[in-house]
Amino acid sequence: MCPRERVWARCLFWARENPDRHCSVGERHPQDTGLSSFHFLPMAQRVTIRKRTPYNTTSNRRRIVKTPGGKLVYHHLKKPGTAPKCGDCGIALPGIPALRPRKYATVSKRIKTVRRAYGGSRCGDCVKSRIMRAFLVEEAKIVKKVIKQQQKPAGRK
Numbered sequence: 000m001c002p003r004e005r006v007w008a009r010c011l012f013w014a015r016e017n018p019d020r021h022c023s024v025g026e027r028h029p030q031d032t033g034l035s036s037f038h039f040l041p042m043a044q045r046v047t048i049r050k051r052t053p054y055n056t057t058s059n060r061r062r063i064v065k066t067p068g069g070k071l072v073y074h075h076l077k078k079p080g081t082a083p084k085c086g087d088c089g090i091a092l093p094g095i096p097a098l099r100p101r102k103y104a105t106v107s108k109r110i111k112t113v114r115r116a117y118g119g120s121r122c123g124d125c126v127k128s129r130i131m132r133a134f135l136v137e138e139a140k141i142v143k144k145v146i147k148q149q150q151k152p153a154g155r156k
């Protein structure tokens with residue numbers, strides 16, 4: 000009988016002698032000689048990798064899932080999609096879902112855009128500032144033209 004079996008037998012003997020008391024994992028038994036003071040737990044269930052690559056990369060993420068039969072298996076996870084960003088300020092465009100690139104190819108146009116000028120490429124605040132800037136630039140051009148016209152007659156006199 001090996002030392003491990005002896006300790007296990009001692010644990011069983013102690014449990015028979017003290018049926019009202021249950022020891023937790025790691026608790027010392029009164030009869031324990033110090034050879035090993037821990038209960039031996041059953042080994043954890045093994046889980047096999049389904050794909051060939053064992054490396055922990057972003058494209059090879061997995062999660063352990065318990066099946067209805069009580070077996071543990073790996074479920075390989077897909078990469079999360081990235082939402083399109085505003086070209087000016089860089090925030091994620093609100094109203095457009097974060098999908099994988101191939102999924103964007105299959106969904107309709109109304110899902111990929113917002114009904115506005117620069118709908119799928121710029122956010123509302125940036126479009127607003129662009130419109131304001133364009134308006135102010137045009138106003139500045141008109142003011143320059145008016146000032147130039149007022150100075151021409153004054154210069155001829």
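According to numbering that gives the first Met the number 0, the stretch in the sequence shown is residues 0 to 156, in order. Backbone N, C-alpha and C fix where the C-beta goes; we use that ideal spot for every residue, glycine too.
Residue i: buried (16+ other C-beta within 10 angstroms of its C-beta) or exposed?
{"i": "Cys88", "result": "exposed"}
Is it true that the CB of residue j sits closer than 8 Å to the CB of residue i?
{"i": "Lys78", "j": "Arg99", "result": "yes"}
{"i": "Ile95", "j": "Val106", "result": "no"}
{"i": "Ser120", "j": "Gly86", "result": "yes"}
{"i": "Leu71", "j": "Lys84", "result": "no"}
{"i": "Gly80", "j": "Ala104", "result": "no"}
{"i": "Cys122", "j": "Ile90", "result": "yes"}
If we ignore side chains and look at the alpha-carbon of each, how far apart do residue i and residue j end up?
{"i": "Ala116", "j": "Pro152", "result": "42 Å"}
{"i": "Tyr73", "j": "Pro53", "result": "12 Å"}
{"i": "Lys111", "j": "Met42", "result": "50 Å"}
{"i": "Asn55", "j": "Gly69", "result": "25 Å"}
{"i": "Arg49", "j": "Arg61", "result": "10 Å"}
{"i": "Ala133", "j": "Ala139", "result": "10 Å"}
{"i": "Gln44", "j": "Arg109", "result": "48 Å"}
{"i": "Leu40", "j": "Leu76", "result": "31 Å"}
{"i": "Asn59", "j": "Arg51", "result": "10 Å"}
Please classify residue i: does DSSP put it in a helix, a strand, or coil?
{"i": "Ala139", "result": "helix"}
{"i": "Thr81", "result": "strand"}
Tell me the residue span of the alpha helix (DSSP H) that contains residue i.
{"i": "Arg101", "result": "100-105"}
{"i": "Ile110", "result": "108-111"}
Along the chain, where does the beta strand (DSSP E) that runs through residue i open and close?
{"i": "Tyr73", "result": "71-75"}
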